[in-house]
Amino acid sequence: MRRIHFALVAGVSCGLLLLAMSCGGGGSTSVTPTPPSSTPNTVAITVYGGPSTVVAELNGVYVSVEVCAPGTSTCVTVPDVLLDTGSTGLRLLSDQVSSLGLVNVTSGGLTLTNCVTYLDNSYNWGPVATADVKMAGEVASSVPIQIIAEADYPYAAAPASCGGTADNSVDTLLANGILGVSFAQQDCGSVCESNPDAGPYYACNSTSCSGATVSVGQQVQNPVGLFSTDSNGVVLTLPMVPAGGAVSASGTLTFGIGTQSDNGLGSAVVLTPDDNGFFSTMFNGTTTANAFIDSGSSLLYFLQPATSGLTECTGVNAGLYCSTESLTATNTGSNGQTSSVPFSVESADVLLSSNNDVFSDLAGTGDNAQLGPYFDWGMPFFFGRSVFVDIEGQSATGTATVGPFWAY
Amino acid sequence: MAVDMAVLGAVIVMLGLCGPAYAVLGGNAATVKADQAQMKASLKITSNGRFEVHELQAESGNVVREFVSPDGQVFGVAWTGHFMPQYSVMLGGYTDVITKAAQTRRNHRAPLAINEPGFVFSAFGHMKYYTGRAYIPSMVPAGVLAEEIK
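Protein chains in written order, with this note's numbering: chain A, 1109 to 1516; chain B, 428 to 577.
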């Protein structure tokens, strides 16, 4: 049985926290080019059905992450961590890091605990602990991460306010963890410094929990923003996947934007989001202001048949498109930059009857009773290009635009 | 599967009889106060003669609108904000219906829509933006359209 991930919406939001620029060099008035970092800054990523032997993920994009007890060489490498540009922070199943003896973050003598609730009321629940995070040559020290409490993990049960069903095993998470590298540096932001009831943070003893305030520095973080070099964002690069799909695809996650010879923006178009994280997309004469790019979304989700002009599948694939067509949409950022995006859609009935799990042209409808039509540029968008995600408040050589932004 | 549906029906009937724990969908208007306390929210009440809208604005910026019929029952809820709302606060025991529906579908973590005779629900969300609505069809006052619950 396949399941389709939508946005891996870590229960998150971030106020506009402006971080000090931490990417290397570049004096404010100097014309001297930023000295390139020479730190190894690339790791492999793989798109495939994922680590669950029970449920195959569609378009799951995975990376390995090395985590260490802070300041020590006691480390483990966790494979098959889902790489999500739509959420923030590293979240790992407890068994993956049980050998490290990580120390939990405390709040008033109690254990600071993080809750991420998904739209279907499933959730990730568990304590915040600090760990060193190492990828390629990059190191982020003492990063607050979430330990997802598995069923055998001795820990306070999630309160009803966190959600209904725990995604706390490889067969429910469809990964050993999630690495959220969105343009938000924290999973909550300044709101959680003053408001104990925003939702993401609790203070727990062994049996009970209550809402807690937490400083931004102790919130679950995008590790990339804490790297000592190449810390202003990431670049995902994947090859095109042919019509009909593939069993797997291999690509590269590159750290930093415009910090080395391998991560320059070049001629990429830069799109900034509005306050709600959206840009606009015009397709088939319909413009929606609710568009976004998200590697945690398995498919493209956009409009409905009446406005897209495409045919919706019936039966088991209802909600997906069954047309096969070559199409073009136009994206416009809040900064007014525009780009034309050619893409393809192939019948879900055909694609999902194959043995493939990786598709560049699998799409579904995107329309909500409350929001209206939207355009979710999920994983299919990432094939055949490089996609840059620049962290809020961080600048990048090659553009005057300060993050948050996407570029491609 | 028939058994599952029967159980689901029983759950809904029980909710109708007992009322949810703290509020609010399907409860009386007084339960809005419980939500207000839970959310530490400001409350603004408006009326159009056909129903009242009790709008709760939390310090986090989340807005929850609870729709109250002339006989004082909360027949619908709609929400928008930068944070995922706590379903259990807004929807009380109906949260269990969402959980059960989620367990039987293919699209995990997709925007969830439920269209049961006793409960209609849809939700969308991505980082920095969550929105959705829920209502109980049998409790919607005559002449009020579902589209007005927003």
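We put the beta carbon where it would ideally sit given N, CA and C, even for glycine. From a predicted model like this one, the values you see are computed outputs, not experimental measurements.
Cutoff 6 Å; reference residue i; Cβ partners in own chain excluding five residues on either side
i	result
T1345(A)	G1359, T1360, S1494
Y1263(A)	A1257
Q1412(A)	T1473, D1475
V1343(A)	T1362, N1371, S1494, F1496
Q513(B)	none
G503(B)	F494, Y562, I576
L1334(A)	A1248, V1251
I541(B)	A528, F548
I439(B)	Confidence at I439(B) is low in this model, with a pLDDT of 38, below 50, so its placement is unreliable and the value that follows should be read with caution. Closer than 6 Å at Cβ, skipping near neighbours: G545.
A464(B)	none
A1437(A)	T1389, F1391, V1449
P1538(A)	Outside the displayed range of chain A (1109 to 1516) lies residue 1538(A), so it cannot be described from this structure.
A573(B)	none
CB of residue i within 8 Å of CB of residue j, strictly
i	j	result
V516(B)	M566(B)	no
S1290(A)	V1151(A)	no
Q1254(A)	V1349(A)	no
F1489(A)	T1389(A)	no
N1222(A)	P1308(A)	yes
L1220(A)	G1285(A)	no
F548(B)	I525(B)	yes
L452(B)	Y557(B)	no
V1189(A)	S1356(A)	no
S1336(A)	F1387(A)	no
V1186(A)	S1403(A)	no
V1278(A)	S1160(A)	yes
A1239(A)	V1175(A)	yes
A1519(A)	Y1516(A)	Here chain A has residues from 1109 to 1516 only, and residue 1519(A) is not among them.
L1227(A)	P538(B)	yes
A505(B)	L483(B)	no
N1464(A)	A1399(A)	no
V490(B)	A456(B)	no
D1338(A)	Q1293(A)	no
L1517(A)	V1205(A)	Because residue 1517(A) is not part of the residues shown, which for chain A are 1109 to 1516, the question remains open.
Q1478(A)	R492(B)	no
V1184(A)	L1208(A)	yes
V1163(A)	L1282(A)	yes
I1153(A)	L1201(A)	no
L1459(A)	G1353(A)	yes
L1373(A)	T1180(A)	no
For residue i, the residue or residues it bridges with in DSSP
i	result
Y1409(A)	G1472(A), D1484(A)
T558(B)	T507(B), F551(B)
I541(B)	F548(B)
F1489(A)	Bridge partners of F1489(A): none, in fact.
V1255(A)	This sequence places Ile at residue 1255(A); Val is not what is there. DSSP lists L1200(A) as partners of I1255(A).
F1496(A)	V1343(A), A1515(A)
K583(B)	This structure does not reach residue 583(B), given that chain B is present from 428 up to 577, and the question cannot be answered.
C1183(A)	C1176(A)
T1230(A)	The sequence as given places Ser at residue 1230(A); Thr does not occur at that position. BP columns for S1230(A) point to T1273(A).
S1215(A)	L1218(A)
M1243(A)	E1246(A)
G1285(A)	V1189(A), L1200(A)
I1401(A)	W1485(A)
Spatial neighbours of residue i in its chain, beta-carbon cut-off 7 Å, leaving aside the 5 residues before and after
i	result
D1305(A)	G1319
T1415(A)	N1392, T1394, P1481
A1456(A)	C1421, N1425, L1428, Y1429, C1430, L1470
V571(B)	R477, F478
P1178(A)	T1238, A1239, D1240, S1249, S1250
L518(B)	L452, V504, A561
A550(B)	P538, L539, G559
Beta-carbon contacts of residue i that lie in its chain and below 8 Å, excluding the five residues immediately before and after
i	result
S1230(A)	G1271, G1272, T1273, A1274, D1275, T1280
E1301(A)	T1321, V1322, S1323, V1324
G552(B)	M511, P538, T558, G559
E486(B)	K467, A468
P1347(A)	A1357, S1358, G1359, F1491, G1492
G1385(A)	F1400
P568(B)	R477, F478, S496, P497, F502
Residue i CB to nearest heavy atom of the ligand COA below 7 Å
i	result
P1481(A)	Within the structure as shown, the ligand COA is missing, as the structure has no ligands at all.
Chain-ordered chain C contacts of residue i [CB-CB under 7 Å]
i	result
A1292(A)	Considering every chain present, this structure includes no chain C. Its protein chains are A and B.
Margin query: Between the region 1420 to 1438 of chain A and the region 1496 to 1512 of chain A, can you find at least three pairs of beta-carbon atoms closer than 8 Å?
Written below: With a cut-off of 8 Å on Cβ pairs, the region 1496 to 1512 of chain A is not in contact with the region 1420 to 1438 of chain A, counting fewer than three such pairs.
Next item on the list: Determine contact between the region 1360 to 1370 of chain A and the region 1442 to 1449 of chain A, defined as no fewer than three beta-carbon pairs at a distance below 8 Å.
Entry: For the pair of segments examined, the region 1360 to 1370 of chain A was found not to touch the region 1442 to 1449 of chain A: the number of CB pairs separated by less than 8 Å stays below three.
Next item on the list: Examine the Cβ distances between the region 1264 to 1281 of chain A and the region 1210 to 1217 of chain A and report whether three or more of them are shorter than 8 Å.
Entry: Below 8 Å, too few C-beta pairs join the region 1264 to 1281 of chain A and the region 1210 to 1217 of chain A to call them touching: fewer than three.
Next item on the list: Identify every run of the alpha helix (DSSP H) within the region 1294 to 1340 of chain A, keeping only runs that are complete inside it and at least 4 residues long; order them along the chain.
Entry: Entirely contained in the region 1294 to 1340 of chain A, the alpha helix (DSSP H) runs reaching 4 residues are, in chain order, 1299 to 1302.
Notebook entry, point to check: Can you give, in chain order, each stretch of the alpha helix (DSSP H) that sits fully within the region 1355 to 1391 of chain A and has at least 4 residues?
Noted result: Counting only runs of 4 or more, we get nothing.
Item checked: Ordered list of beta strand (DSSP E) runs contained in the region 1423 to 1474 of chain A, each at least 3 residues -> Counting whole runs of 3 or more residues, the region 1423 to 1474 of chain A contains the beta strand (DSSP E) stretches 1433 to 1440, 1446 to 1453.
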